[in-house]
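>
What follows is the structure, given as structure tokens:
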């Protein structure tokens, strides 16, 4: 075969991970590299092993949330409830284990199942009742945090000194390069497994294709015999389940969840990372590699402020917001320039 | 007395089309003038020029005997000419007074003068026979009354000439009667009306004079009310020989593949539709816009499930509740709106073509990329699709090639019945002929084809026989011998077909 198509010669696994390696993703990779380079030059601490481990660990945790919301964004919807699901799961897990003495499998199964059910409810409200995803998940945002605070009477929840085995899911470090070298956080391993699975699902399976198709043009997808309602439902279930998994790992890692602020704004980090990584809020576009880079960029930006400009910590949100806005504007300008070029 | 409004020698070109060619028209004060002609005769373009929406390439326009030059709708309104669009231009969320004075609201010290607005609105509403509180939200009125609101709005601009493009196309019989009453009343007050209608019965009832357009030219007029007759109007509208495309040799059709029994669509639940299509047959559905043709196909394909009645494919009852069931039963629909309903424009040719067979051709849910590529390349070759490759984004293909991609998507699933809704809309002549050839070939292979078309020549040349729909019901079925432009027009306009005396 002598076809000159751009990506067809690469190994299938590589293509599955990247999906579409659009210029957009190359742009965001460039931005990430620039921020890393700047931080490394400006601070001696950036390249220290401990800091790098922390960056990949946090990228993994936020990346999980981002993969989840990406599925919903691809269908043209949005999930604002992620932070509150993180909170609900984050306080429920230690509360069930310590206050109520549930067994580990029961408690873990329950919180992950709860995530799936929450997603199912969101999906049903959106597809069967025709409510707007923004409204449904906004109400979710309020309800789950309220429930979390009510159940625990707003008391911080943690595991104390127990449950070391379960907590190692989030705290373990795998010494890949021997003693003292870089140790891969277990969370990163979990994230990579899920990221590869998500990429394969999105790019290689019928259902992934259906999601991308209905995100581009729901009516045409329906006219082509795609059960668009069921596919959307699936996207919401994936989003909330990954939010629950993320919430579990966050609390296992930190060992303390304050119901009033645990997971605050996490849905916005997740959405921002997805958008930075090439998801269009109009639907139909998204790549898992892009999400990974987008999540990493958010984490590295925060790290940069801590290391290089600690006195600007109070304006961290403003800096992150500004960088995202600049990225989105640049993307739009590139898109317009591309549109003006005559069709191939 | 000079005519209220007159145009002389109007010509208008669009890329590739001569919409109007040396057309002249005059309307006297207090005259109701009907403008008739086939689809594409140039009626709507002429109305838009009269109302200042478009400007002509050549020709002059006179109002009260004085030459004028319209630079826009505002100029026309200034002269007392108001256009009422086919699709109403009203704001659902405002009340009646707000709609009537939209953009011209009476003000006092910068604030809306609501009292004055409602007072004046009530006056104009009364003029069109609407005795309704002007504070009523527009969306609480049925469509026919909304149309009257639009007329009230036009009158409030001191309009002396009302121009209406198919005002009755979405109205019920009663609403139509009300509208006619209002028009007659306006005529007695000296307001002139020009309106387009495809319903010749209405023309006979209301028009003082009829002007006929054909192929963008004046094709005659009927000035005497007594001489406004069905047959005469149809002859003037048609009045030409059609270069008929070579018909394929007829061969005996096979068994009944598609059978609808007393099917009631949600759009026209009062009119049960029964029809059959046999294997190898190409059956057309003609009719005016809004006659319920697209709705019938949508119900057959399960997009808007039937209210009552049944559909059977090859003798097996299916009556699809959604497109998935329809596809499973062997039905395929090439929809009217290629870009919104037929294609995922931002996806590749290959991905569009495989959409309907992705699941059956997958392995445990994984897309068989090799099979997908093979399918796309076969289809590109078989249908002669001009594209740089199967990975090309569909958006960048021409209309004809896009339509072939939609066809390829459905041929991939090997349907038993192919439903086509306006299969060649917006497609150039060459691609049209290719699509006709393809449909003939498919029918020759035993596919049952049911297609809707608003193009007379397409109905006449492609159909083995044709149904004509009128206001939601099948007004008649024309066999190949009976298929003529006159008969189709007659049935479409609500009349009776003339039987061929063989």
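Chains as they are written, first to last, in the numbering used here: chain A, 8 to 351; chain B, 223 to 724.
In this text, a Cβ means the ideal position worked out from N, Cα and C, and glycines have one as well.
Would you verify that the beta carbon of residue 223/A is, or is not, closer than 7 Å to some beta carbon of chain B?
Against the first chain, residue 223/A aligns to sequence position 216. Answer yes: the Cβ-Cβ gap between residue 223/A and chain B drops below 7 Å somewhere.
> Between residue 213/A and chain B, is there a C-beta pair that is closer than 7 Å?
Reading the first chain from its first residue, position 206 is the one you call residue 213/A. At least one chain B Cβ lies under 7 Å of residue 213/A.
> Measure the alpha-carbon distance for residue 596/B versus residue 616/B and round it to whole angstroms.
Along the second chain, read from residue 1 onward, the residue named residue 596/B stands at position 374. Along the second chain, read from residue 1 onward, the residue named residue 616/B stands at position 394. Rounded to whole angstroms, residue 596/B to residue 616/B spans 18 Å at the Cα level.
> DSSP three-state call for residue 174/A: helix, strand or coil?
As a position in the first chain, residue 174/A is number 167, starting the count at 1. DSSP places residue 174/A in helix when its eight states are reduced to three.
> Does the stretch 348-361 of chain B touch the stretch 284-295 of chain B, meaning 3 or more C-beta pairs lie closer than 8 Å?
Touching, no.
> Looking at the secondary structure, which residues open and close the alpha helix (DSSP H) in which residue 388/B lies?
Locating residue 388/B in the second chain gives position 166, where the first residue counts as 1. Note, residue 388/B: premise wrong, no alpha helix (DSSP H); not H, not E.
> Taking a Cβ distance cut-off of 8 Å, strictly less, list which residues of the stretch 628-647 of chain B are near chain A, in chain order.
Answer in chain order: 631.
> For chain A, is any of its Cβ atoms less than 7 Å away from the one on residue 557/B?
One-based indexing of the second chain puts residue 557/B at position 335. By this cut-off, residue 557/B is an interface position.
> Could you spell out where the beta strand (DSSP E) holding residue 672/B opens and where it closes?
If you number the second chain from 1, residue 672/B lands on position 450. That run of the beta strand (DSSP E) goes 670-674.
> Residues in the stretch 221-251 of chain A with C-beta within 8 Å of chain C's C-beta atoms, listed in sequence order?
No chain C appears in this structure, whose protein chains are A and B.
> Just how far apart, CA to CA, sit residue 429/B and residue 456/B?
The count along the second chain starts at 1 and reaches residue 429/B at position 207. The count along the second chain starts at 1 and reaches residue 456/B at position 234. Roughly 16 Å between the two C-alpha positions.
> If you reduce the DSSP assignment to three classes, tell me which class residue 635/B lands in.
Here the question's residue 635/B lines up with position 413 in the second chain. Coil.
> Report the option in 646/B, 526/B and 687/B whose CA atom is closest to the CA atom of residue 705/B.
Looking up residue 705/B in the second chain gives position 483. That would be 687/B, whose Cα lies nearest to the Cα of residue 705/B.
> Provide the residue span of the alpha helix (DSSP H) that contains residue 300/A, from first to last.
To locate residue 300/A, count along the first chain from 1; it is residue 293. It spans 295-315 - the alpha helix (DSSP H) in which residue 300/A sits, taken as one unbroken run.
> Within the stretch 408-479 of chain B, note down every full beta strand (DSSP E) run reaching 3 residues or more, in order along the chain.
414-418, 431-436 and 439-444, all fully within the stretch 408-479 of chain B.
> Determine whether the Cβ of residue 214/B lies closer than 7 Å to any Cβ atom of chain A.
Nothing about residue 214/B can be read from this structure; chain B reaches only from 223 to 724.
> Rounded to a whole number of angstroms, what is the C-alpha to C-alpha distance between residue 99/A and residue 187/A?
The residue labelled residue 99/A in the question sits at position 92 within the first chain. The residue labelled residue 187/A in the question sits at position 180 within the first chain. In a straight line, the C-alpha of residue 99/A is about 36 Å away from that of residue 187/A.
> Can you name the start and end residues of the beta strand (DSSP E) that residue 234/B belongs to?
Counting from 1 along the second chain, the entry for residue 234/B is found at position 12. 227-236 is the extent of the beta strand (DSSP E) around residue 234/B.
> If distances are taken between C-alpha atoms only, which option among 253/B, 240/B, 232/B and 237/B comes closest to residue 223/B?
Taking the second chain and counting its residues from 1, the one referred to as residue 223/B is at position 1. Checked all of 253/B, 240/B, 232/B and 237/B; the closest Cα to residue 223/B is 253/B.
> Does the stretch 282-302 of chain A touch the stretch 222-238 of chain A, meaning 3 or more C-beta pairs lie closer than 8 Å?
The stretch 222-238 of chain A is in contact with the stretch 282-302 of chain A.
> Tell me, please, whether the CB atom of residue 481/B is closer than 7 Å to any CB atom in chain A?
Within the second chain, numbered from 1, the residue matching residue 481/B stands at position 259. Taking Cβ atoms only, chain A never reaches closer than 7 Å to residue 481/B, which makes this a no.
> Residues of chain A with CB under 8 Å from residue 564/B, in chain order?
Counting from 1 along the second chain, the entry for residue 564/B is found at position 342. Those are 227 and 230, listed as they occur along chain A.
> Taking the straight line between their C-alpha atoms, what separation do you get for residue 231/B and residue 292/B?
Counting from 1 along the second chain, the entry for residue 231/B is found at position 9. Counting from 1 along the second chain, the entry for residue 292/B is found at position 70. Residue 231/B and residue 292/B: Cα-Cα distance of roughly 16 Å.
> Using DSSP bridges, identify the partner residues of residue 104/A.
Taking the first chain and counting its residues from 1, one reaches residue 104/A at position 97. Paired residues: none, contrary to the question.
> Go through its chain and collect everything with a Cβ distance to residue 283/A's Cβ below 7 Å, but skip five positions before and after it.
For this step, residue 283/A is matched to residue 276 along the first chain. Closer than 7 Å at the Cβ level, and outside the excluded window around residue 283/A, lie 35, 301, 304, 331 and 334.
> Compare the C-beta of residue 468/B with all C-beta atoms of chain A and state if any pair is closer than 7 Å.
Counting from one through the second chain, the residue named residue 468/B turns up at place 246. Any reading at residue 468/B must be qualified, since the residue scores a pLDDT of 49, below 50, and its modelled position is unreliable; the value itself is stated next. Not closer than 7 Å to any Cβ of chain A, the Cβ of residue 468/B fails to qualify, so no.
> Give me the chain A residues within the contact set of residue 545/B, using Cβ-Cβ distance strictly less than 7 Å, ordered along the chain.
One-based indexing of the second chain puts residue 545/B at position 323. Correct list: 229, 230 and 232.
> Could you work out which residue in 542/B, 647/B, 702/B and 361/B is closest to residue 262/B when comparing CA atoms only?
Locating residue 262/B in the second chain gives position 40, where the first residue counts as 1. Here the closest residue by C-alpha is 647/B.
> I need the straight-line Cα distance from residue 725/B to residue 249/B, nearest angstrom please.
What the structure shows of chain B is the stretch from 223 to 724, and residue 725/B is not part of that stretch, so it cannot be assessed.
> With 16 as the cutoff for other CB atoms within 10 Å, does residue 64/A come out buried or exposed?
Taking the first residue of the first chain as 1, we reach residue 64/A at position 57. Buried is the call here.
> Starting from residue 213/A, trace the beta strand (DSSP E) both ways and give me its first and last residue.
As a working note, residue 213/A is residue 206 in the first chain. No beta strand (DSSP E) contains residue 213/A, which is instead part of the alpha helix (DSSP H) from 213-223.
> Any heavy atom of the ligand ATP inside 6 Å of the beta-carbon of residue 372/B?
Questions concerning the ligand ATP fall outside what the structure shown contains, since it holds no ligand whatsoever.
> Contact check, residue 303/B vs residue 381/B under 8 Å by CB: the rounded distance?
Locating residue 303/B in the second chain gives position 81, counting from the first residue. Locating residue 381/B in the second chain gives position 159, counting from the first residue. With a Cβ gap of about 7 Å, residue 303/B and residue 381/B count as contacting.
> For the beta strand (DSSP E) that contains residue 345/B, what are its first and last residues?
Numbered from 1 along the second chain, position 123 holds the residue referred to as residue 345/B. That residue, residue 345/B, is in no beta strand (DSSP E); its alpha helix (DSSP H) goes 336-349.
> When you compare each of 640/B, 522/B, 620/B and 564/B to residue 672/B by their alpha carbons, which one comes out closest?
Reading the second chain from its first residue, position 450 is the one you call residue 672/B. Comparing Cα positions, the closest option is 640/B.
> Mind checking whether residue 211/A and residue 589/B have CB atoms under 7 Å apart?
Residue mapping note: residue 211/A aligns to position 204 of the first chain, counting from 1. Residue mapping note: residue 589/B aligns to position 367 of the second chain, counting from 1. For residue 211/A and residue 589/B, yes; Cβs fall inside 7 Å.
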